[in-house]
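Only one structure is covered here, and it is reproduced in the block below.
Numbering (this note's numbering), first residue to last: 160 to 507.
If you want it as structure tokens, here you go:
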């Protein structure tokens, strides 16, 4: 931060039903500020897809981080509904929401393994003090002593029926990101972490419809967890997995995907797509944006879609999928964001 950088403006957000007041700066979402204060604010995904944090805006103005028209009905919008996880205050606000009871569970963890997956993604294995029960596709809060605010990362391995005493994450280095700069600075094996969770409702829904998975970068993590967990199920459904990366050097976990899909009940096709692969390379596969390949899928309107990746990729994929005729209720997504997107609480 520069010597003369201005601090973001701070506003008071009042919860009408309880009288609670929250100080929220202009670069922090209402949800994150409420959670920082210890309020049991309803939420699951934190990325604007589940609508669990739906809140009535009684008075004031907000800035939306993403277009919530994808998930809120016209009736909701006309009634003043906003998503707290996507809303930054522009002035003092009055809102109304039903707070619940805090149910956060924390685990003591120790980093036991670090694997270099790409030049900017680490595979991080953490041993826990007791078993955690999560559904494939969910995420956890990770923090170390002295970190101002936990960071959220998706589980990257199969969820076990007996719970997991060991968990794994794919963590991408974010330039200037406090957590990842710390993690990548030196060998952190043996370092203690606090693991909170599980959180999120991004998971494979029971259905016989064919599925299309679309991911980019560390968005591989929740998809891999889903594939490893669901591969042995009796439910038979065809699936296509489109994975976007910049170059061949950015492809990873290919063996894990191959092994997971061997048990998949139905036809499975994995299509990696490279956006910045040198033209003279020997790459025999697809080139371009991963979202451009969506239109090549036959009978796409019958599919259920699962998206994980950066906001730009998600938004482009949503446009393609909706244009293809897939119903909104059959599209599930996790936006992977970092501090540059002003979403301190979103998984990545």
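Each residue gets a CB set at the ideal place from its N, CA and C atoms; glycine is no exception.
When secondary structure is reduced to three states using DSSP, residue 489 falls in the helix class. Between residue 271 and residue 227, the alpha-carbon positions lie close to 40 Å from each other. One alpha carbon belongs to residue 340, the other to residue 191, and they sit about 22 Å apart. Taking a C-beta distance under 9 Å as the contact criterion, residue 465 and residue 370 qualify as a contact pair. Counting C-beta atoms within 10 angstroms of its own C-beta, residue 477 has 16 or more neighbours from the protein chains shown and is therefore classed as buried. It is roughly 8 Å from the alpha-carbon of residue 231 to the alpha-carbon of residue 240. Residue burial annotation: residue 468 is buried, with at least 16 other C-beta atoms found within 10 angstroms of its C-beta. Straight through space, the alpha carbons of residue 198 and residue 350 are spaced by roughly 29 Å. About 11 Å separates the beta carbons of residue 416 and residue 430, which is beyond the 8 Å limit, so they are not a contact pair. With distances taken between CA atoms, residue 384 lies nearest to 329 out of 289, 454 and 329. Leaving aside the five residues that flank residue 267 on each side, the residues in its chain whose CB is nearer than 6 Å to its CB run, in chain order, 288. DSSP places residue 279 in the coil class of the three-state scheme, outside both helix and strand. For residue 212, the number of other beta carbons within 10 angstroms of its own is at least 16, and it is reported as buried.
Contact check for residue 493 and residue 244: beta-carbon distance about 12 Å, past the 8 Å limit, so the pair fails to qualify. Taking the Cα positions, residue 404 is about 26 Å away from residue 346. Looking at the DSSP output, residue 431 shares a beta bridge with 402. The DSSP-derived three-state label of residue 312 is strand. Here DSSP, grouped into helix, strand and coil, assigns residue 464 to strand. Taking 9 Å as the cut-off, the beta carbon of residue 454 is found closer than this to the beta carbon of residue 483. Residue pairing by DSSP puts residue 301 in a beta bridge opposite 310 and 354. Three or more Cβ pairs drawn from the stretch 308–321 and the stretch 277–296 lie within less than 8 Å of each other, which places the two stretches in contact.
Residue 217 counts as exposed, since fewer than 16 other C-beta atoms from the protein chains shown sit within 10 angstroms of its C-beta. Excluding the 5 residues flanking it on each side, residue 473 has same chain C-beta neighbours closer than 6 Å at 466, 492 and 494, in chain order. The Cβ atoms of residue 247 and residue 215 lie no closer than 9 Å to each other. Counting only the Cα atoms, residue 257 lies some 7 Å from residue 176. Taking the Cβ atoms as the reference, residue 449 lies roughly 7 Å from residue 402, within the contact range of under 8 Å. Within the same chain, and ignoring the five residues on either side of residue 327 in sequence, the residues whose Cβ sits closer than 6 Å to its Cβ are 284, 315 and 316.
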